[in-house]
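Residue 37 in UniProt numbering sits at position 37 of the sequence shown, and the numbers go up by one each step.
For glycine and all other residues, C-beta sits at the position ideal for the given N, C-alpha and C.
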Amino acid sequence: MSEKNKILIETAPHYVEAQSVPEEGRYVFSYTITITNLGAAGARLLSRHWLITDANGKIQEVRGDGVVGEQPYLKPGDFFRYTSGAMIETPVGTMQGEYTMRTDDGSHFNAAIPRFTLSIPRTLH
């Protein structure tokens, strides 16, 4: 990744017990993502691609325009934070993916979303 296109992605997952029904294999998680433009050029988030994997190895692939109905533009030094959710069939899983970004000069690049764990409290030590 060039210094021009440097995006930091931070994740904070949270188990949503009130919406989960473990006896039916329904585990709901929210996650807050903070996207910070550490590069030298402005960039717009065009689309997202997620791989959500449960403990049984079942993979949900999610693609779509923007995030939470927006395609945020980040000037150098700006950040955008949003919260969304995912549902899996096991108490533990992972998410990872990438955002497709477009710079001011029209070029595209992918910003990797590092793998993070979805886990109900006291499941992993």
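What does DSSP give as the partner residue(s) for residue i in the beta ladder?
i: P13; result: Y31
i: residue 155; result: Because residue 155 is not part of the residues shown, which for the chain are 1 to 125, the question remains open.
i: S119; result: V92
i: L45; result: M101
i: L51; result: E61, Q96
i: G85; result: S30
Have a look at residue i and residue j and give me their C-alpha separation to the nearest angstrom.
i: M1; j: E24; result: Model confidence at M1 stands at a pLDDT of 47, short of 50, so the residue's coordinates are unreliable and nothing is read from them.
i: K58; j: V92; result: 12 Å
i: P76; j: T100; result: 17 Å
i: H108; j: G64; result: 16 Å
i: G97; j: A112; result: 6 Å
i: residue 154; j: P22; result: No answer is possible for residue 154: it lies beyond the span of the chain, which begins at 1 and ends at 125.
i: L51; j: Q60; result: 6 Å
i: F79; j: I88; result: 28 Å
Do the CB positions of residue i and residue j come within less than 7 Å of each other?
i: T103; j: A12; result: no
i: R44; j: Y73; result: yes
i: T94; j: R122; result: no
i: V62; j: Y82; result: no
Should residue i be labelled buried (16 or more other beta-carbon atoms within 10 Å of its own) or exposed?
i: D54; result: buried
i: N5; result: buried
i: N56; result: exposed
i: A18; result: exposed
i: L8; result: exposed
i: R26; result: exposed
i: G85; result: exposed
i: L118; result: buried
i: G39; result: buried
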